[in-house]
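Peer 1: Got a structure here, written out as structure tokens. Questions coming.
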Amino acid sequence: MSTSIADKSENSYRIFAEDGAAKRAEFTTGRGVVQTPVFMNVATVAAIKGGLSTEDLEQVGAQIVLANTYHLHLRPGDDVIYRMGGLHEFMDCKAPILTDSGGFQVFSLSQRRRITEAGVTFSSHIDGRRIFMGPEESMRIQSHLGSTIAMAFDECPSSKAERSYVEESVARTTRWLARCRSELKRLNALEGTVNPGQMLFGINQGAIFDDIRIHQAQEIAAMDLDGYAIGGLAVGESHEEMYHILDVTLPHLPRNKPTYLMGVGTPENILEAVARGIDFFDCVYPSRNGRHGHVYTSRGHLNLLNARFELDKRPIEEGCGCPACSRYSRAYIRHLLKSGEVLGLRLCVLHNLWFYNHLMADIRQAIEQGCYSTWYKTRIDEMKEEK
RNA sequence: GGGUCGGUACCGUAGCGGCGAGCGGAGCAGACUGUAAAUCUGUGACAUAGAAACACCGAAGGUUCGAGUCCUUCCCGGCCCA
16 MSTSIADKSE
26 NSYRIFAEDG
36 AAKRAEFTTG
46 RGVVQTPVFM
56 NVATVAAIKG
66 GLSTEDLEQV
76 GAQIVLANTY
86 HLHLRPGDDV
96 IYRMGGLHEF
106 MDCKAPILTD
116 SGGFQVFSLS
126 QRRRITEAGV
136 TFSSHIDGRR
146 IFMGPEESMR
156 IQSHLGSTIA
166 MAFDECPSSK
176 AERSYVEESV
186 ARTTRWLARC
196 RSELKRLNAL
206 EGTVNPGQML
216 FGINQGAIFD
226 DIRIHQAQEI
236 AAMDLDGYAI
246 GGLAVGESHE
256 EMYHILDVTL
266 PHLPRNKPTY
276 LMGVGTPENI
286 LEAVARGIDF
296 FDCVYPSRNG
306 RHGHVYTSRG
316 HLNLLNARFE
326 LDKRPIEEGC
336 GCPACSRYSR
346 AYIRHLLKSG
356 EVLGLRLCVL
366 HNLWFYNHLM
376 ADIRQAIEQG
386 CYSTWYKTRI
396 DEMKEEK
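One gets the working numbering by counting positions in the first sequence from 1 and adding 15 to each.
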């Protein structure tokens, strides 16, 4: 079955176990069922950085992949991907793909940006040329890409922004969401659309102002979308502030729809957020940190570049079934990293993504078993132990 | 044996009388949360931090208010000639 945007008869999201606020659900997409809570493996430019292939993603337990509208629009161009049959065809990916809308890039590539009601003008990080993107442009690009889930075009105000600015920005993001919704409906109905069942997730914003978050959550909840994201977190505020925003905002988003905490985070962040009811996550940490020799284990993270691993014959984590741990020592991977060999990066990224995807599997199991609320705290404590 | 150029931190170098010695690498450590960046930031030693100032610029003397910088001798290395 393939539902999109405003759902008709049956909800594509089905919760079958709950433990406190934590939800264990399955989300049915046109590309198969996603078991949640889930981590989305970040392939910004339709590739996991660090030399991983689509095949590697399958091996590492990835259920779903994230790619970026802004990056793919610039290169190779969404028209190229459209003519190649869409993202799935282009990268030979069978799993569902969520495309981020480009809204965050406006925030993170903040030079020379100009925001109006119509959209945002900012400069390309590749060649500096001016780019205009608004809700309609973002939806058209994502429609060309043919992703499984499109994200609404939003603005991500800084966590330190003034209240008056955040109010204005969030109101605009909500108006943009309505425009995204109608544009995507129009596109889905067009002849030749890559994925006519493309879904849409809206995004909650509001920096760290409880009332702005809550008010906007109520507004977008009424719009009946396929899912709801919380954006603008983990951008400089403290963990306590982030968890607090989740605590106050999530009750105002539909419980019978998937929720997505954008860009988060550390294993600890994820464990805490699941406890509060989040289903979807994505983060560059496992891939970026992996490329920098920073690897995750159930007993905390290691920096494989450290001299103490020079003669360490152990795998990154004892008992881990990832392609790196099943064969190679810390000492060897450290040598590869030191030598600048791509294999070193690749092995670390493989391990980290395996770790994240398997952490999510453990989380799902704990919720099913009804022991999540105690289990996750133990997991967090274990990660703080001596490495 | 003669000539010549040179000896500065782990390596390569800058410096040509005011240096509490600059720069690159390496090494060591840290940072990265909807990925412009295999990037960025620290880092002489004294266990660490801070405070502090004592990195003794191949060695020993000398000139000078002051020497890595000038002079003398010696040691070591490269190249050229015999």
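Glycine included, C-beta positions come from ideal geometry on N, C-alpha and C.
(1) What is the residue span of the alpha helix (DSSP H) that H307 lies within?
(2) Assign Y97 to buried or exposed, taking buried as 16 or more other Cβ atoms, counted over all protein chains shown, within 10 Å of its Cβ.
(3) When DSSP builds the beta bridges, which residues end up paired with G47?
(4) Suppose contacts are defined by Cβ-Cβ distances below 8 Å. Is T274 in contact with F295 by that definition?
(5) Once the 5 residues before and after E397 are set aside, which same chain residues still bring their CB inside 7 Å of it?
(6) Please classify V364: is it buried, with 16 or more other beta-carbons within 10 angstroms of its beta-carbon, or exposed?
(7) Tell me the DSSP bridge mates of Q138?
(8) Assuming R127 and V135 are in contact, meaning their beta carbons sit under 8 Å apart, how far apart are those beta carbons, in whole angstroms?
(9) Excluding the 5 residues preceding and the 5 following L352 in the sequence, name in chain order all residues of the same chain whose CB lies nearer than 8 Å to its CB.
(10) Starting from the C-beta of A346, find all residues in its chain whose C-beta is less than 7 Å away, skip the five residues before and the five after it, and write them out in chain order.
(11) Measuring alpha carbon to alpha carbon, tell me which of R29, T44, T43, T51 ends up nearest A381.
(12) Nearest CA to the CA of D107: which residue from M148, S139, H86, S162?
(13) Hey, would you say L276 sits closer than 8 Å to I395, going by beta carbons?
(14) State the CB to CB distance for the pair G76 and A288, rounded to an integer number of angstroms; the pair is presumed to be in contact (CB under 8 Å).
(15) With 16 other CB atoms within 10 Å as the buried threshold, where does V57 fall?
(16) From which residue to which residue does the beta strand (DSSP E) around H267 run?
(17) Quick check on this structure: which residue in M154, G278, V80, G92 has the alpha carbon closest to the alpha carbon of S116?
(18) Strictly by DSSP, which residues pair up with R39?
Peer 2: On the basis of the supplied data:
(1) Run containing H307: none; DSSP gives neither H nor E here.
(2) buried
(3) T44
(4) yes
(5) Excluding sequence neighbours, E397 sits near S313, R314.
(6) buried
(7) The identity of residue 138 in the sequence shown is Ser, whereas the question assumes Gln. Answer is R145.
(8) Incorrect: roughly 11 Å between the Cβ atoms, too far for contact.
(9) G308, L319, L320, G359, L360, C363
(10) F324, E325, L326, D327, K328
(11) T51
(12) Measuring from the Cα of D107, the nearest candidate turns out to be S162.
(13) no
(14) Actually they do not touch by this definition, with Cβ atoms about 20 Å apart.
(15) buried
(16) H267 -> no beta strand (DSSP E), and no H or E assigned at all.
(17) M154
(18) Per DSSP, A32.
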